[in-house]
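>
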Amino acid sequence: MVTYKWLSLTLGVHVNTAKQMLYHYLEQRRKEKSGATLHATYLVSGKCLENGSMCHKVSVVREEKLEDIKSKLDMTVSIHVYSIQKSELKDSGPLYSTDYDAVKENLKNCNKYSAIRCAAAVPVSSGQLQRAQEKVLAAAPDTEGSKPGLNDHMAAASKISVKQPKGIMGMFSSKATPKSEEYSKEVKTEQKDDASPAEGAKTRPSSKADALSKFFGKPADKNAATDKPDKNIKEEVEGALTSLSAVSKTQSHSSPEHKQSIKEELLKNSSAAKGDSKDTGNKTKRLEQSDSEDEKGESQKTKRRRIKQPQPDSSDDEVIPDSPPVPEPQTRSLENEVKKEPVSHQEILEGKRRKRRRVLKSKTFLDDEGCIGRDHFILCTFKITAHLNHESVERVTEKGYESESYSESEDDFKASSYPSEDSVSLKQSLGKREEEKKLKEKGQKKAPAAANKATKQATIFGFFQKK
Amino acid sequence: MTTLTRQDLNFGQVVADILCEFLEVAIHLILYVREVYPSGIFQKRKKYNVPVQMSCHPELNQYIQDTLHCVKPLIEKNEAEKVVVVIMDREHRPVERFVFEISQPPLLSISSETLLSHVEQLLRAVILKISVCDAVLDNNPPGCTFTVLVYTRESATRNMEKVQVIKDFPWIVADEQEVLMQEPRLIPLKTMTSDIVKVILILAKKIH
Numbered sequence: 013m014v015t016y017k018w019l020s021l022t023l024g025v026h027v028n029t030a031k032q033m034l035y036h037y038l039e040q041r042r043k044e045k046s047g048a049t050l051h052a053t054y055l056v057s058g059k060c061l062e063n064g065s066m067c068h069k070v071s072v073v074r075e076e077k078l079e080d081i082k083s084k085l086d087m088t089v090s091i092h093v094y095s096i097q098k099s100e101l102k103d104s105g106p107l108y109s110t111d112y113d114a115v116k117e118n119l120k121n122c123n124k125y126s127a128i129r130c131a132a133a134v135p136v137s138s139g140q141l142q143r144a145q146e147k148v149l150a151a152a153p154d155t156e157g158s159k160p161g162l163n164d165h166m167a168a169a170s171k172i173s174v175k176q177p178k179g180i181m182g183m184f185s186s187k188a189t190p191k192s193e194e195y196s197k198e199v200k201t202e203q204k205d206d207a208s209p210a211e212g213a214k215t216r217p218s219s220k221a222d223a224l225s226k227f228f229g230k231p232a233d234k235n236a237a238t239d240k241p242d243k244n245i246k247e248e249v250e251g252a253l254t255s256l257s258a259v260s261k262t263q264s265h266s267s268p269e270h271k272q273s274i275k276e277e278l279l280k281n282s283s284a285a286k287g288d289s290k291d292t293g294n295k296t297k298r299l300e301q302s303d304s305e306d307e308k309g310e311s312q313k314t315k316r317r318r319i320k321q322p323q324p325d326s327s328d329d330e331v332i333p334d335s336p337p338v339p340e341p342q343t344r345s346l347e348n349e350v351k352k353e354p355v356s357h358q359e360i361l362e363g364k365r366r367k368r369r370r371v372l373k374s375k376t377f378l379d380d381e382g383c384i385g386r387d388h389f390i391l392c393t394f395k396i397t398a399h400l401n402h403e404s405v406e407r408v409t410e411k412g413y414e415s416e417s418y419s420e421s422e423d424d425f426k427a428s429s430y431p432s433e434d435s436v437s438l439k440q441s442l443g444k445r446e447e448e449k450k451l452k453e454k455g456q457k458k459a460p461a462a463a464n465k466a467t468k469q470a471t472i473f474g475f476f477q478k479k
Numbered sequence: 039m040t041t042l043t044r045q046d047l048n049f050g051q052v053v054a055d056i057l058c059e060f061l062e063v064a065i066h067l068i069l070y071v072r073e074v075y076p077s078g079i080f081q082k083r084k085k086y087n088v089p090v091q092m093s094c095h096p097e098l099n100q101y102i103q104d105t106l107h108c109v110k111p112l113i114e115k116n117e118a119e120k121v122v123v124v125i126m127d128r129e130h131r132p133v134e135r136f137v138f139e140i141s142q143p144p145l146l147s148i149s150s151e152t153l154l155s156h157v158e159q160l161l162r163a164v165i166l167k168i169s170v171c172d173a174v175l176d177n178n179p180p181g182c183t184f185t186v187l188v189y190t191r192e193s194a195t196r197n198m199e200k201v202q203v204i205k206d207f208p209w210i211v212a213d214e215q216e217v218l219m220q221e222p223r224l225i226p227l228k229t230m231t232s233d234i235v236k237v238i239l240i241l242a243k244k245i246h
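Chains A and B, in that order, give the protein sequences.
The numbering of the first sequence is the numbering used here, which starts it at 13 and goes up by one.
The numbering of the second sequence is the numbering used here, which starts it at 39 and goes up by one.
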């Protein structure tokens, strides 16, 4: 499979040359009428009227759909060959895979051969870059620090981020086209902006927003959320940071479900900007719940596995309170940094997490260090993993009866295996987790059976007490 | 910089983990591309930084995971020679076979210089190749099923029976009918050689 981008990077030619090469090759092979049939995909862009507004649509389509799409556009701006392959593609995944390695190798100058230029897109100085990175890391625990180059070249960033979502989405569903419209809008707005450190932060949220809107299918909201001037974004980022720290203090019991950082940032932006949640109640809940999560992990730059499945929420929506002292929760989160990985594993048990949290709130259990109260969950996870050996022998018996009833629900989760991706990079924490499980199982046999629904929630945390 | 040698149990586990993850993704992808199951159950997920199609059906996932869970100890000890995904038609005659030949170089040590990202890159290439393999394949008849066969070296299966894991998920010796294809046409799809593992993917298809 050959895409024009791959061809241009491999041969070192301008993209337009690559596109023409592909076109001529296709023509030639089709004229010969011998050998295997070739399939091609095309990139079509043009203007069309949608929902009463004029929009610029860019999509990657299979050959069969080409005429169809062309007829839908009021004015076709450009059509060119995107890729040629022997097999009929069912799915746009391979299009991205083909380019991946070639792009990765030429990350800094992957737009060397591109036709999109923006005079304002100059590489930022390293000082500016650092500031931008800090801001972004503070705002979103995105671990793609390996690609600062993308932030530098706005054109490249917008081009790549536009291209990839387009490639992935443009092919099949009808939902794709409204989204591609908003990407092209973002391309335009980004190009208008001045290069500044906030750009780095903005480009990322925008490109993340693209991916995010893919998942949620609500282009209108996201588009409005991301098409903001720089200043606004800056304010939001800072405001979000303080609100995050607030949330972590008071909301430690809410379920810190493990969401993509993208989601968090975007929801933060949209809710902060709009004042009240314009999004559905669901999203606000997710925001609040993910905030405490966010705060714990983000500023610490720990890589953590992001689980993509959106998780069911219920209850637990609390209004984000006004900003309390910022430094205090942050120092606390520093302690928790190391414990992020085992915590993230706990999050795999989706709904259970929430219950675990609630338990802590109601129980005042005796901590060696005398920590009682709401925040103790954070500290306790810290303690649990740190003091594996000696700590909770008493707790085993205390919570023994609770763990018995926990096993019923736990068994369901045992059946569902852990995502296999965990094994390599999070081996250590997984190993710990398995130890926990084994110990828990042993504990259950000894414990009296006192299955009680009220204590069921307690058991889930009791699981973590027993080490 | 730690250097792990062949004797280290960790090394075997690391390689086995990598391979089993890869095989899981590969099997899901094969099921998607060959349309063994309706594409509605598949969902786009990310592996090795590229989108792949994985199934959402719990029982199917469970089956594949159990299968690989049993295969993993064999790979750890380097006893698994081939893992084959066979696509069979309604009468349980093989239509296509995706043969993954796995070998591990004997005297081997990996250090952190052996970047796992290099391995990722190679595995990505294999996955890409699976995605486009239907260029050389005809459409399968409807009602196909799949099965996974494992060829082991020597007599590793005797030891396997003692393992708890196998007792929960029993394996049987495959029928000849399922194993042998009449006059297959072999198409090597991709060879991937790295310091820690070598995978060759060969496609065998029935000539109609």
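Don't be surprised by glycine CBs; every beta carbon is placed ideally from N, CA and C.
(1) Could you check if Asp86 of chain A is buried or exposed, using at least 16 other CB atoms within 10 Å of its CB as the buried criterion?
(2) Any beta carbon from chain A within less than 8 Å of Pro132 of chain B's own beta carbon?
(3) Strictly below 8 Å CB to CB, what residues from chain B border Leu109 of chain A?
(4) Does DSSP put Arg162 of chain B in a helix, in a strand, or in coil?
(5) Could you please give the first and the last residue of the uninterrupted alpha helix (DSSP H) stretch that includes Cys94 of chain B?
(6) So is Ala212 of chain B in contact with chain A if we call contact Cβ pairs under 8 Å?
(7) Looking at the C-beta of Ala118 of chain B, does it have a partner C-beta in chain A at a distance below 8 Å?
(8) Quick one: which chain B residues come within Cβ less than 8 Å of Gly105 of chain A?
(9) In chain order, what residues of the stretch 76-107 of chain A put their CB closer than 9 Å to some CB of chain B?
(10) So, are the CB atoms of Ala114 of chain A and Trp18 of chain A less than 8 Å apart?
(11) Give the single residue among B:Glu134, B:Ser232, B:Lys110, B:Glu139 whose Cα lies nearest to the Cα of Arg223 of chain B.
(12) Is Tyr35 of chain A close to chain B, meaning its C-beta is less than 8 Å from at least one C-beta of that chain?
(13) By how many angstroms is the C-alpha of Glu216 of chain B removed from the C-alpha of Thr22 of chain A?
(14) Indicate whether Ile68 of chain B and Ile168 of chain B have their beta-carbon atoms separated by less than 8 Å.
(15) So, are the CB atoms of His95 of chain B and Ile79 of chain B less than 8 Å apart?
(16) As a quick exercise: from B:Leu161, B:Tyr189, B:Lys243, pick the residue whose alpha carbon is nearest that of Cys108 of chain B.
(17) Under the three-state reduction of DSSP, which class applies to Gln142 of chain B: helix, strand or coil?
(18) Which residues in the same chain have their Cβ closer than 6 Å to the Cβ of Glu250 of chain A, if we skip the five residues on either side of it in sequence?
(19) Closer than 7 Å by beta-carbon distance: list the chain B residues that pair up with Tyr16 of chain A, in chain order.
(20) For Gln321 of chain A, collect the residues of the same chain with a Cβ closer than 6 Å to its Cβ; drop the 5 residues on either side in sequence, then sort them by chain order.
(21) Taking a contact to mean a Cβ-Cβ separation below 8 Å, would you say Val63 of chain B touches Ile225 of chain B in this structure?
(22) Between Tyr112 of chain A and chain B, is there a C-beta pair that is closer than 8 Å?
(23) Helix, strand or coil: which one does DSSP assign to Arg83 of chain B?
(24) Taking only beta-carbon positions, decide if Glu446 of chain A is within less than 8 Å of chain B.
(25) Measure from the alpha carbon of Glu214 of chain B to the alpha carbon of each residue in B:Lys228, B:Asn177, B:Phe138, B:Val124, then state which is nearest.
(26) Report yes if the CB atom of Glu75 of chain A is closer than 8 Å to the CB atom of Tyr54 of chain A, and no otherwise.
(27) Roughly how many angstroms lie between the CA atoms of Glu79 of chain A and Leu241 of chain B, to the nearest whole one?
(28) Just confirm the distance between the C-beta atoms of Lys82 of chain B and Pro89 of chain B, as a whole number of angstroms; I'd bet it's less than 8 Å.
(29) Note down, in chain order, every chain A residue with its Cβ under 8 Å from the Cβ of Gln142 of chain B.
(30) I want to verify the contact list: residues of chain B whose CB lies under 7 Å from the CB of Met13 of chain A, in sequence order.
(31) Examine chain A for any beta-carbon lying closer than 8 Å to the beta-carbon of Ser232 of chain B, and answer yes or no.
(32) By a C-beta neighbour count over all protein chains shown, 10 Å radius and 16 as the cutoff for buried, is Pro106 of chain A buried or exposed?
(33) Just confirm the distance between the C-beta atoms of Ile96 of chain A and Val56 of chain A, as a whole number of angstroms; I'd bet it's less than 8 Å.
(34) If we ignore side chains and look at the alpha-carbon of each, how far apart do Ala173 of chain B and Ser99 of chain A end up?
(35) Can you give me the Cβ contacts of Leu61 of chain A inside the same chain, cut-off strictly under 7 Å, excluding the 5 residues immediately before and after it?
(36) What residues from chain A crowd round Val71 of chain B, counting only those whose CB sits closer than 8 Å?
In terms of the structure at hand:
(1) exposed
(2) no
(3) It should be pointed out that residue 109 of chain A corresponds to Ser in this sequence rather than to Leu. Here the neighbours are Val88, Pro89, Arg162, Ile165, Leu166, Ser169.
(4) helix
(5) Run containing Cys94 of chain B: none; DSSP gives neither H nor E here.
(6) no
(7) no
(8) Lys82, Val88, Pro89, Val90, Gln91, Ser169
(9) Gln97, Lys98, Ser99, Glu100, Leu101, Lys102, Asp103, Ser104, Gly105, Pro106
(10) yes
(11) B:Glu134
(12) no
(13) 43 Å
(14) yes
(15) yes
(16) B:Tyr189
(17) coil
(18) Below a pLDDT of 50, predicted positions are generally treated as unreliable, and Glu250 of chain A, at 45, falls in that range; the measurement from the model is reported next regardless. So no residue of the chain qualifies.
(19) Those do not exist, as Tyr16 of chain A stays about 17 Å from chain B at its closest Cβ, beyond 7 Å.
(20) Residue placement at Gln321 of chain A is flagged as unreliable, the pLDDT there being 42, under the threshold of 50; the coordinate-derived value follows with that caveat. Cβ neighbours of Gln321 of chain A beyond the five flanking positions: none.
(21) no
(22) yes
(23) strand
(24) Low confidence applies here, because Glu446 of chain A scores a pLDDT of 42, under 50, leaving its location unreliable and the question unanswered by this model.
(25) B:Val124
(26) yes
(27) 36 Å
(28) 5 Å
(29) Correct list: empty, because the minimum Cβ distance to chain A is about 16 Å.
(30) Val170
(31) no
(32) buried
(33) Actually they do not touch by this definition, with Cβ atoms about 16 Å apart.
(34) 4 Å
(35) Asp86
(36) Lys102
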